[in-house]
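J.: Below is a structure I'd like to ask you about.
Protein chains: 2
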Amino acid sequence: MIEKITGEVLKEIKPSSEEKIILCELANDILKKIDKTSKEFGIDAFGMLVGSVARDTWTAGDKDIDIFIMLPPSLLKEELEHYGLLIAKKISSEYEERYAEHPYIHAKFGNYDVDIVPCFNVKDASKIKSAVDRTPFHNSYIKEHILGLEDEVLLLKQFMRGSGVYGSELKLKGFSGYLCELLILRFGSFLGVIESASEWKYGKLIDLKKKGVYSESPPLIFIDPVDPKRNVAAAVSIDTFSKFIDASRSFLKNPDKDYFFTKSVSPISKKELKKRISQRGTEVVSIVFDVPDIVDDILYPQLFKAEKSIVYMIDRHGFKVFGSDVCAKENKVIIFLEMEIFRLPKIKKHVGPPVTSKNRAIDFIDKHKGSPLYIEDGKYVSEIERKYTDVFDLLENKLIFCALGKNLNTYVKNGYKLLRNEEVLKEGFEAFIGTYFHLKHF
Amino acid sequence: MIEKITGEVLKEIKPSSEEKIILCELANDILKKIDKTSKEFGIDAFGMLVGSVARDTWTAGDKDIDIFIMLPPSLLKEELEHYGLLIAKKISSEYEERYAEHPYIHAKFGNYDVDIVPCFNVKDASKIKSAVDRTPFHNSYIKEHILGLEDEVLLLKQFMRGSGVYGSELKLKGFSGYLCELLILRFGSFLGVIESASEWKYGKLIDLKKKGVYSESPPLIFIDPVDPKRNVAAAVSIDTFSKFIDASRSFLKNPDKDYFFTKSVSPISKKELKKRISQRGTEVVSIVFDVPDIVDDILYPQLFKAEKSIVYMIDRHGFKVFGSDVCAKENKVIIFLEMEIFRLPKIKKHVGPPVTSKNRAIDFIDKHKGSPLYIEDGKYVSEIERKYTDVFDLLENKLIFCALGKNLNTYVKNGYKLLRNEEVLKEGFEAFIGTYFHLKHF
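Protein sequence lines correspond, in order, to chains C and L.
All residue numbers for the first sequence refer to the working numbering, where the first residue is 4 and numbers rise by one.
All residue numbers for the second sequence refer to the working numbering, where the first residue is 4 and numbers rise by one.
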């Protein structure tokens, strides 16, 4: 049963020979150009194909190629960046400069996206000068060990895509390609990983070489075989970890091809959103504002922080958030809040000191002169006016005082929209909201 | 200033000579009848005037007289009750039998209410057979010591009446007359008590003879001078204790005659109740049902228990009670609830086990098949339908399952009314609700 399913999946996701040949020729061509250009500049550098293409663990239709320019470790950081970019730009015709730990070049070669990344060609993984220098060692390690297991990696990656846990970017906090490959090495097969995962506990530790020294307590620890101080699964959050366990169990119980493919969600219509809200009896509040062109790995951690801070602020004022989510799209972000308690009375109780604490009692009475004051359980209680009786008013007045993070705070101060229920549908987040209601909350 | 005020108050509350003469003549007449009737029945018994009338600490207009029939301690309990009631009934023309620890007679003599209570004439307070036997000892103790301080007692009682803390009945949980007298003995004057009270802490201990052995921790402990194992202030609740402290402090700061007299509260009108509710943004729910003719000291503890149990049930279902109170009047009771959160969405989250607890996880998923299910913070969360989205519906369906106490449960099962907002005004609790809003919540 499972074999039949994985066979069918493989047929769909394994690149054809033609696809492989075209991609390999393109990659080799770029490598040669890097070598040649390096020589022209008189630099002792060469190109190296890394990532899933190098390891034959890429999926049909994948148009991403990762190529590293290996530069001498004797260079200064500035020299590395200077020469690396010089070479990369020389060989590319259509490109843009991007920035991770170092700057790199994102280039277009036909319909392929090629990242060309300069790095130090250190002799040993323990000598790396920045995180990118580790990649060639990962590459070598996997290439040495993965032979014959490539299809298993493909299946695992695809299964993780289907469960929404594939990708270590900070937006998703899931499993990286390298982590998938290592899991296959550890458990021998796709099914081996799935069967193991269905029994995982929080703090699961995997150490191929048994020499890891990892001391934190994330949900999953996979000691990097090329660097025993590093956890390859550091990015995996408790929720992607849990989702993977859950998906593994479900798949083993009821194997189905559907697990390998993301369910497509249709954007929500105005009529449907209204119906959902009325059926659920909740109230939707959306905060929408513009952001400049920044990469997701910088934007999303700030968005998550802002979401948390806003939910905390709302709850602290006596309201209650039922569910929330964030999304960024085309330089616009949404903080989406579904409210459980969105309206409150105009009064609230302010509990003061015990009556027997004379000095504090006198201060409290002085401070609340004019407000109703009575004694409950031996303490003074004053009834005071609630400043915000609707969560909408609260956000209108207090949003900019939330700890939104330095950058978001500036963007929000430039202006934001506060939208109630279906008003949000003018803003272009119909698919995101559809996902919230269809996939997450049904 | 204070002397001027207390002087004026005394003028109003001190019985006139005429009033005293009329009352003393009536009391003496009853005592003589008791002695005579006892002889006729061949019983070695006599009457004793006790209470505030006996100690000259009663207030003008007070029409209550307490008279004890002192019977030989050699009698059996049944004999005491038999002969006691026989004598009491013989001398009364208009009376009813009432019941505390023993049965007693509540009689009308003109426009005076006279309680005639049989008790054992024990030699020593340590030999008492029931709580009522202690009263003659209290009486003797106060009569021996109070001479010259009667006016101070009158002032203190009246001040406590004005602050709503006078009376040890279970409805009020305040200060008894005997406790007022003892406080005057301890602190020498009305002002002495008030000044001391303004500094009291919870657990305040007063022991005239310094031989008390009281080990519990109520707000106030006044060791009974006639029985060192007894706390005269056992009935005083944390709230009446606190209210008295608060009133004492306020009076000392701004002395005013008003402190001695209860503010009269006018019944709330429909228009005003509607206005209050709308101004406060709350919702009022009243539970009204009939009760048989039972004494307040039995009814009120049950009502308080029921109130607590209902508030707990409501809060446990996600709603929130802002304030509540109970009242009994003319064989009808009301449990009055002012709601802070009275409506909730149709859905709620049901948080399940961590994903990693495999067996519990499988059970949870099985149980919630068909409901939306997702993972939050590593735990399964199911969205389930909230059975009651309005506190009114909740009470309609769940009230009879609350721990209302054995008696109230029966009465509620016989039928109750659930009234929303101003609907309650048909039930005759206008003054009670007026007090809730005017005095307590302004």
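Beta carbons: idealized from backbone N, C-alpha and C, even for Gly.
(1) As a quick exercise: from C:Leu34, C:Lys409, C:Ile25, C:Met73, pick the residue whose alpha carbon is nearest that of Arg137 of chain C.
(2) So, using beta-carbon positions, are Ile24 of chain L and Ile70 of chain L closer together than 8 Å?
(3) Distance cutoff 8 Å, beta carbons only. Does Lys277 of chain L sit that close to anything in chain C?
(4) If you drop the 5 nearest sequence neighbours on each side, which residues of the same chain put their C-beta closer than 8 Å to that of Ile280 of chain L?
(5) Report the three-state DSSP secondary structure of Cys122 of chain C (helix, strand or coil).
(6) Excluding the 5 residues preceding and the 5 following Lys207 of chain L in the sequence, name in chain order all residues of the same chain whose CB lies nearer than 6 Å to its CB.
(7) Between the C-alpha atoms of Glu28 of chain C and Ser41 of chain C, what's the straight-line distance to the nearest angstrom?
(8) Start and end of the beta strand (DSSP E) containing Ser289 of chain C?
(9) Name the DSSP beta bridge partners of His109 of chain C, please?
(10) Would you mind reading off the limits of the beta strand (DSSP E) that contains His353 of chain L?
(11) Using a Cβ-Cβ cutoff of less than 6 Å, which residues in the same chain neighbour Phe445 of chain C once the five nearest sequence positions on both sides are dropped?
(12) Taking the alpha carbon of Gly195 of chain C as the point to measure from, which residue in C:Ser171, C:Ser327, C:Glu155 has its own alpha carbon closest?
(13) Give me the residue from L:Gly10, L:Lys260, L:Ile209 with the minimum Cα distance to Ala237 of chain L.
(14) I want to verify the contact list: residues of chain B whose CB lies under 8 Å from the CB of Ile344 of chain C, in sequence order.
(15) When the Cα atoms are used, what is the spatial distance from Lys409 of chain L to Gly418 of chain L?
(16) Give a yes or no on whether the C-beta atoms belonging to Ile436 of chain C and Phe325 of chain C are separated by under 8 Å.
(17) Apart from the five residues on each side of it in sequence, which residues of its chain come closer than 7 Å, Cβ to Cβ, to Tyr439 of chain C?
(18) With a cut-off of 8 Å, does the C-beta of Tyr205 of chain L fall near any C-beta of chain C?
(19) If I measure Cβ to Cβ from Lys146 of chain L and keep anything under 8 Å in the same chain, skipping five residues before and after, which residues do I get?
(20) Hey, is the region 240-254 of chain C in contact with the region 175-195 of chain C, meaning 3+ C-beta pairs nearer than 8 Å?
(21) Taking 6 Å as the limit between beta carbons, can you name the residues of its chain near Asp65 of chain C, skipping five residues before and five after?
(22) So with Cβ pairs under 8 Å, would you call Arg283 of chain C a contact of chain L?
(23) Any contact of the region 255-269 of chain C with the region 298-305 of chain C, i.e. 3+ C-beta pairs under 8 Å?
(24) Would you mind sorting Asn142 of chain L into buried or exposed? The rule is 16 or more other CB atoms within 10 Å of its CB.
(25) For Asp249 of chain L, return the contacting residues in chain C, with the cut-off set at a CB-CB distance below 7 Å.
(26) Does Val329 of chain C come out as helix, strand or coil in the three-state DSSP assignment?
(27) On the CB-based measure, 16 or more other CB atoms within 10 Å of its CB, does Pro348 of chain L come out buried or exposed?
(28) Please tell me whether Phe445 of chain L has its Cβ less than 8 Å away from any Cβ of chain C.
(29) Who are the neighbours of Gly381 of chain C on chain L, taking C-beta pairs under 8 Å?
(30) Is Val56 of chain L helix, strand or coil by DSSP?
(31) What is the DSSP secondary structure of Phe445 of chain L, reduced to helix, strand or coil?
(32) What are the boundary residues of the beta strand (DSSP E) that includes Met342 of chain C?
(33) Using only CA atoms, which one of L:Leu157, L:Met51, L:His85, L:Ile68 lies nearest to Asp116 of chain L?
(34) Could you pull the DSSP bridge partners for Arg423 of chain C from this structure?
(35) Residues of the region 153-167 of chain C with a CB closer than 8 Å to any CB of chain L: list them in chain order, please.
T.: Taking the coordinates as given:
(1) C:Met73
(2) no
(3) No, because no Cβ of chain C sits closer than 8 Å to the Cβ of Lys277 of chain L.
(4) Glu286, Val287, Asn424, Glu425
(5) strand
(6) Leu223
(7) 20 Å
(8) 286-293
(9) C:Glu99, C:Asp118
(10) 350-357
(11) Bear in mind that the predicted position of Phe445 of chain C carries a pLDDT of just 42, short of 50, making it too unreliable to give a figure here.
(12) C:Glu155
(13) The residue with the shortest Cα to Cα distance from Ala237 of chain L is L:Ile209.
(14) Here the protein chains are C and L, and chain B is not one of them.
(15) 15 Å
(16) no
(17) The beta carbon of Tyr439 of chain C sits closer than 7 Å to those of Asp328, Phe339, all from its chain and outside the five residues before and after it, given in chain order.
(18) yes
(19) Ala57, Arg58
(20) Contact between the region 240-254 of chain C and the region 175-195 of chain C is present, because at least three Cβ pairs lie under 8 Å.
(21) none
(22) yes
(23) Verdict: no, contact absent.
(24) buried
(25) Correct list: Val358, Ile378.
(26) strand
(27) buried
(28) Here the model assigns Phe445 of chain L a pLDDT of 43, short of 50, so the residue's position is not dependable, and the following value carries that caveat. Residue contact with chain C for Phe445 of chain L: present (Cβ-Cβ distance below 8 Å to some residue of chain C).
(29) Tyr205, Pro222, Ile241, Asp242, Phe244, Ser245
(30) Per DSSP, reduced to three states, the secondary structure at Val56 of chain L is helical.
(31) The predicted model places Phe445 of chain L with a pLDDT of 43, which falls under 50 and marks its position as unreliable; any figure quoted below should be read in that light. Coil.
(32) Boundaries of the beta strand (DSSP E) harbouring Met342 of chain C: 335-344, taken from the DSSP string.
(33) L:Ile68
(34) C:Val288
(35) Taking 8 Å as the Cβ-Cβ cut-off, the region 153-167 of chain C has no residue approaching chain L.
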